[in-house]
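Encoded as C-alpha cells, the structure appears first; notes follow it.
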Amino acid sequence: MKFKFILSLVVAICGFIPAYAEDEVESIFDGKTLDGWNCRPSSQSNNWSVEKGQIIGRGKGQESYLMFNDQLGDFELRFSYKLISDEGNTGVEVRSHPVKGKASRLHGYHADIGHIGIGDKVLGAWDFHENNRGDYLAKRGHRVTINENGKKGIEEIDNAFEPSDAKAKDWNKVVVYAKGNKLWFTINGKIASEVIDNEKAKRLDKGYIGFQLHGGDKMVVAFKDISVKR
C-alpha cells in the first residue's frame, strides 16, 4: 500500500511516468542470404556461404574477409561463433578499411578469436592490421593504454576470459564494443582484452566490421545471431 501511495504521488506531481524503451539492436544477418555483406578479395567469395541460418566460412589457405557494407563508428557488435574444425584462426575486423593495392588486406583493429590452444596473442587478444603498431595491441587478459606517442601501459584485467571459458566445437557468445577511443570485447560474458587508444595519428574512429578467415589456415567456422547497436 505504501508503494502504491508513493507511485500515485509521483504520477500526480509529474503528470506521467516516462517509458524507457529498450536499446535498439539491429539484426544485420537475415539467416538466409549474404545480402548486406561482401567478400574481400572478391575472388574468395566461394569461401563464404549460408547454411541452416548460419554464415559458414571455409578457409582454403588464402586469407579472406566477409565485410558488412556499412561503416560504423561507435557500436556494439553481438554474435555467436563455433569453430567446426579442430583448429583455426579467425576474428573480427573493427573500424577497418581496404588497403590500396592489397585486395586481401585490411587496415584497422582486429578482435582475435581462434581455437583454444592458439595462445594469448590470438584468442582473446587485440591486433591492429597494416600500420606497424607491433605484432599485437593487447594480449588476452590485458588492458592496454596507448599514449599519444604510441607507448603502451599494460595492466591485468581481473576475472578476465580464459581459454577454459571457451567451448570447443560449440557456440561461444561474443560482444565487441567500440566507444570513442576505447575498444574491448567479451567472450561468453567475460572480458577478453581492452585497448584505450590515445595515439591520434594512428587511431581509427570509423570503418567497417567483418569476419576473418586467416591466411594459411584450412578451417571451418560458423557465425550466427549477428546484430549491432549503432
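Positions in the sequence shown are counted from 1; adding 19 to them yields my numbering.
Quick reminder that beta carbons are idealized off the backbone N, C-alpha and C, glycines included.
| request: Write down the C-beta distance between F230 and T52 rounded to the nearest angstrom, noting that I regard them as a contact closer than 8 Å. | output: Contact annotation, F230 with T52: C-beta distance approximately 16 Å; criterion of less than 8 Å not satisfied.
Relative to the C-alpha of D184, which candidate in W203, I173 and K209 has its C-alpha closest? Looking at the Cα atoms, K209 is the closest of the given residues.
Worksheet item: Can you find at least 3 beta carbon pairs, one from the region 127-138 and one from the region 165-181, that sit closer than 8 Å?
Response: In this structure the region 127-138 does not lie against the region 165-181, because fewer than three pairs of beta carbons, one per stretch, are closer than 8 Å.
Contact between the region 99-108 and the region 188-197 is defined here as three or more beta-carbon pairs at a separation below 8 Å; is this criterion met?
Output reads yes: the region 188-197 touches the region 99-108.
Does the Cβ of K79 have 16 or more other Cβ atoms within 10 Å, making it buried, or fewer, making it exposed?
By the neighbour-count rule (16 or more Cβ atoms within 10 Å), K79 is not buried but exposed.
- Query: Which one of D216, S61, V118 and K186 has the shortest CA to CA distance from L85?
  - Reply: L85 has its Cα closest to that of S61, out of D216, S61, V118 and K186.
Exercise for review: On a CA-only basis, which of V141, T164, N168 and N166 is nearest Y155? Give me that one, please.
Suggested key: In this structure, V141 is the residue among V141, T164, N168 and N166 with its C-alpha nearest to the C-alpha of Y155.
So, is D224 buried or exposed, given that buried needs 16 or more other C-beta atoms within 10 angstroms?
Exposed, because fewer than 16 other Cβ atoms sit within 10 Å of the Cβ of D224.
For this session: Could you tell me which residues DSSP puts in a beta bridge with R77?
Result: According to DSSP, R77 shares a beta bridge with V239.
By Cβ distance, which residues of its chain are closer than 8 Å to D1, with the 5 residues on each side in sequence left out? Absent from the structure is residue 1, since the part of the chain shown begins at 20 and ends at 249.
Review point. Quick one: what does DSSP say S104 is sitting in, helix, strand or coil?
Key: In the three-state DSSP reduction, S104 falls in the coil class, being neither helix nor strand.
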